[in-house]
Amino acid sequence: RGRLHPARVRIAERLGKADDPRVFSLLAIHGAGIPTEFPAEAADQAARARFEVPKGYTDLTGLPLVTIDGADARDFDDAVWAEPDGEGWHLVVAIADVAHYVPAGSPLDREAEKRGNSVYLPDRVVPMLPEALSNGLCSLVPGEERLCLAADLWIDGDGNLSRHRFRRGVMRSHARLTYEQVQAARDGSPDETTAALLDTAIALLYGAFAALSKAREARGTLDLDLPERVVRIGEDGHVVGIAERTRLDSHRLIEEFMIAANVAAAESLAGSRLGCIYRVHDAPDPTRLDALRDALSPLGYRLAKGQVIRPRAFTQVLDRVRGTAQAPLVNELILRSQAQAAYSPDNIGHFGLALPLYAHFTSPIRRYADLTVHRALIRRFSLGSDGTTEEEQERLEEVAEHISVTERRAAAAEREAVDRFTAAFLMGRIGEVFSGRIMGVTRFGLFVRLAETGADGLVPVSTLPDDFYHHDEAAHCLVGRRWGRVFGLGAPVTVRLVQAEPLTGGCLLNLVDADEGAPGELAPRAMVPGAHAARPRGRPPQRGKRRR
Numbered sequence: 002r003g004r005l006h007p008a009r010v011r012i013a014e015r016l017g018k019a020d021d022p023r024v025f026s027l028l029a030i031h032g033a034g035i036p037t038e039f040p041a042e043a044a045d046q047a048a049r050a051r052f053e054v055p056k057g058y059t060d061l062t063g064l065p066l067v068t069i070d071g072a073d074a075r076d077f078d079d080a081v082w083a084e085p086d087g088e089g090w091h092l093v094v095a096i097a098d099v100a101h102y103v104p105a106g107s108p109l110d111r112e113a114e115k116r117g118n119s120v121y122l123p124d125r126v127v128p129m130l131p132e133a134l135s136n137g138l139c140s141l142v143p144g145e146e147r148l149c150l151a152a153d154l155w156i157d158g159d160g161n162l163s164r165h166r167f168r169r170g171v172m173r174s175h176a177r178l179t180y181e182q183v184q185a186a187r188d189g190s191p192d193e194t195t196a197a198l199l200d201t202a203i204a205l206l207y208g209a210f211a212a213l214s215k216a217r218e219a220r221g222t223l224d225l226d227l228p229e230r231v232v233r234i235g236e237d238g239h240v241v242g243i244a245e246r247t248r249l250d251s252h253r254l255i256e257e258f259m260i261a262a263n264v265a266a267a268e269s270l271a272g273s274r275l276g277c278i279y280r281v282h283d284a285p286d287p288t289r290l291d292a293l294r295d296a297l298s299p300l301g302y303r304l305a306k307g308q309v310i311r312p313r314a315f316t317q318v319l320d321r322v323r324g325t326a327q328a329p330l331v332n333e334l335i336l337r338s339q340a341q342a343a344y345s346p347d348n349i350g351h352f353g354l355a356l357p358l359y360a361h362f363t364s365p366i367r368r369y370a371d372l373t374v375h376r377a378l379i380r381r382f383s384l385g386s387d388g389t390t391e392e393e394q395e396r397l398e399e400v401a402e403h404i405s406v407t408e409r410r411a412a413a414a415e416r417e418a419v420d421r422f423t424a425a426f427l428m429g430r431i432g433e434v435f436s437g438r439i440m441g442v443t444r445f446g447l448f449v450r451l452a453e454t455g456a457d458g459l460v461p462v463s464t465l466p467d468d469f470y471h472h473d474e475a476a477h478c479l480v481g482r483r484w485g486r487v488f489g490l491g492a493p494v495t496v497r498l499v500q501a502e503p504l505t506g507g508c509l510l511n512l513v514d515a516d517e518g519a520p521g522e523l524a525p526r527a528m529v530p531g532a533h534a535a536r537p538r539g540r541p542p543q544r545g546k547r548r549r
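This is how it looks when you write it as structure tokens:
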């Protein structure tokens, strides 16, 4: 007792060498406890699945439905179609009928619930369902008959949902399109595939999208513009490039179609005696709003006090900052102030979308929440014997809590993997100079986001120009006691990459003079807009914890 003994451990699995890029995703997967192997019973069940059309399914094969996804997508959950209907539109959103292949309580269902969702990493996907289903029988691949649960949606000229119905059917995708293809066709540069669909499909989809956009504008939704890093992996597994994904109108088109279908699903179940796992998003906490006001004030932006906060209040700030150098920071600050969306059987509405009822219905291949909604709709409208069971209804709260956790787990693993791949890419650029912007300020240093790659790195306070710096939490800046230099949130800076560590995903940076390239000098343009940079009197204030 009281004596130290060497710990004994057993190696469970070797992930590979530290310099092997395949290790980066494996670290994220195993660190988060994400299951990768399917139990034999579940794998066998998926392997035995066969395509057949059950009685009562509607023949939708003549409807020119198309899928629109990313160029690297392999699992196609949804297909869309639209036609004019008087002064409004008739939309069909056909979703893969996963419930047919994954009965409640089966080995596949238990494993899908356990995983909660698919996980998308730069070099691989950890699917919720075995690939025989996720990329095979359930995926709405072009030219192949597939079972679907289709939502017929009728909207008026202003995009308001007037009525809807759900039916199970068999469909055949007429084309597998990418966002870039569809946008190019809309902009006047169709390729051979989209040229044939321009008037009969694409133009009509954009017409319905214009109406749906009116409804979104009228609701006053929160529309954040958040950059997304795309890590491009070469055949040898190493990163060949990192770029920011361009958000196109074709992305927004699909988003609006999916939102409309999700609303129809939520409305159908809310009006029944059946329980439903809703997608909920609460209004921001008042403490977070106060912190946001404090952060926006030095940047010259104001969020009004003393009012019931609405999504439109944030959008007004975003409209002011759009197109400016401060836009990425302000978008991120507003994101940090928001509550986290989650799953719950208790509906509280969706604050960000400004909707009183919302559920996830459109991605049952990759989200378990959607599969539970499908089963509830099947029972609600008597669309088959494989609808939600009483046992499933009794477990809705438990399942909702679990899949909220697995969603956060997946998001964290995805971020970690991207950070690791990015750091590995930057290892070959140690010593190079980059432009960036201060995205976080703490007592121990500055967090800077590099413009070229989106990587975040730390500039330690000990490396800042000769002075003693205190952390002004209210103004979100570090202030030099002797010379009054100010390093504040949103300030553009030039930095040199000192270290990149792939195993942790971290980068270490030093400030560089913007004009001469000399370390340790702050460019004049890095002063905080509106901040007082005079030498403070007396001792610096006490350093406290950051309010989160």
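Residue numbers (my numbering): 2 to 549.
Idealized CB from N, CA, C, for every residue including glycine.
Contact check, residue i vs residue j, beta carbons under 8 Å
i: Glu146; j: Phe77; result: no
i: Val1; j: Leu479; result: A question about residue 1 goes unanswered here, because the residues of the chain that appear run from 2 up to 549.
i: Leu509; j: Val494; result: no
i: Leu122; j: Ala219; result: no
i: Val264; j: Leu130; result: no
i: Val331; j: Leu378; result: no
i: Val1; j: Tyr344; result: Outside the shown range of the chain, which is 2 to 549, sits residue 1, and nothing can be said about it.
i: Ala100; j: Arg396; result: no
i: Val232; j: Arg246; result: no
i: Ile61; j: Gly170; result: As written in the sequence, residue 61 is Leu, which differs from the Ile given in the question. Cβ distance < 8 Å, so Leu61 and Gly170 count as in contact.
i: Ala418; j: Phe25; result: yes
i: Leu64; j: Met172; result: yes
Residue i, enclosing beta strand (DSSP E) - first and last residue
i: Ser345; result: Ala343 to Ser345
i: Gln500; result: Pro493 to Glu502
i: Gly437; result: Val434 to Thr443
i: Leu122; result: Val120 to Leu122
i: Phe167; result: Leu162 to Arg173
i: His471; result: Tyr470 to Asp473
i: Leu459; result: Asp457 to Pro461
i: Glu84; result: Asp79 to Asp86
Three-way DSSP call (helix, strand, coil) for residue i in this model
i: Asp70; result: strand
i: His351; result: strand
i: Leu249; result: coil
i: Phe488; result: strand
i: Leu479; result: strand
i: Tyr279; result: strand
i: Pro143; result: strand
i: Asn511; result: strand
i: Ile431; result: coil
i: Ala176; result: strand
i: Val318; result: helix
i: Ile203; result: helix
i: Ile243; result: strand
i: Ile379; result: helix
i: Val93; result: strand
i: Arg213; result: With the sequence shown as reference, residue 213 is identified as Leu, and Arg is not the correct amino acid for it. Helix.
i: Phe448; result: strand
i: Val54; result: coil
Endpoints, alpha helix (DSSP H) assigned at residue i
i: Leu330; result: Ala328 to Ser338
i: Ala412; result: Leu397 to Leu427
i: Leu27; result: Arg23 to Ala33
i: Glu114; result: Pro108 to Arg116
i: Asp291; result: Pro287 to Leu297
i: Val99; result: Val99 to Tyr102
i: Asp45; result: Ala41 to Arg49
Inter-residue Cα distance where the pair is residue i and residue j
i: Ala401; j: Gly34; result: 19 Å
i: Thr454; j: Ala244; result: 6 Å
i: Ile255; j: Phe445; result: 43 Å
i: Ala185; j: Arg248; result: 13 Å
i: Leu162; j: Thr389; result: 26 Å
i: Arg125; j: Gly481; result: 46 Å
i: Leu372; j: Ala47; result: 16 Å
i: Ala80; j: Ile203; result: 13 Å
i: Glu268; j: Val309; result: 25 Å
i: Arg483; j: Tyr470; result: 9 Å
i: Leu512; j: Thr316; result: 33 Å
i: Met528; j: Val460; result: Low confidence applies to Met528: its pLDDT is 34, below 50, so where it sits in the model is not reliable enough to give any reading.
i: Ala105; j: Arg416; result: 32 Å
i: Cys277; j: Glu433; result: 53 Å
>> Whether or not the segment 413-426 and the segment 495-508 are in contact is what I'm after, with contact meaning three or more pairs of Cβ atoms, one per stretch, closer than 8 Å; do they touch?
In response: Verdict: yes, contact present.
> Just checking, does the segment 172-184 make contact with the segment 56-76 on the three C-beta pairs under 8 Å criterion?
Replying inline: Touching, yes, given that three or more Cβ pairs across the two stretches are closer than 8 Å.
> So does the segment 220-234 actually touch the segment 35-50, counting three or more Cβ pairs closer than 8 Å?
Replying inline: no
>> Is it the case that the segment 87-95 contacts the segment 147-155, given that we only count it when at least three CB pairs across the two stretches are under 8 Å?
In response: yes
> If you pair each beta-carbon of the segment 288-296 with each one of the segment 360-371, do three or more pairs fall below 8 Å?
Replying inline: no
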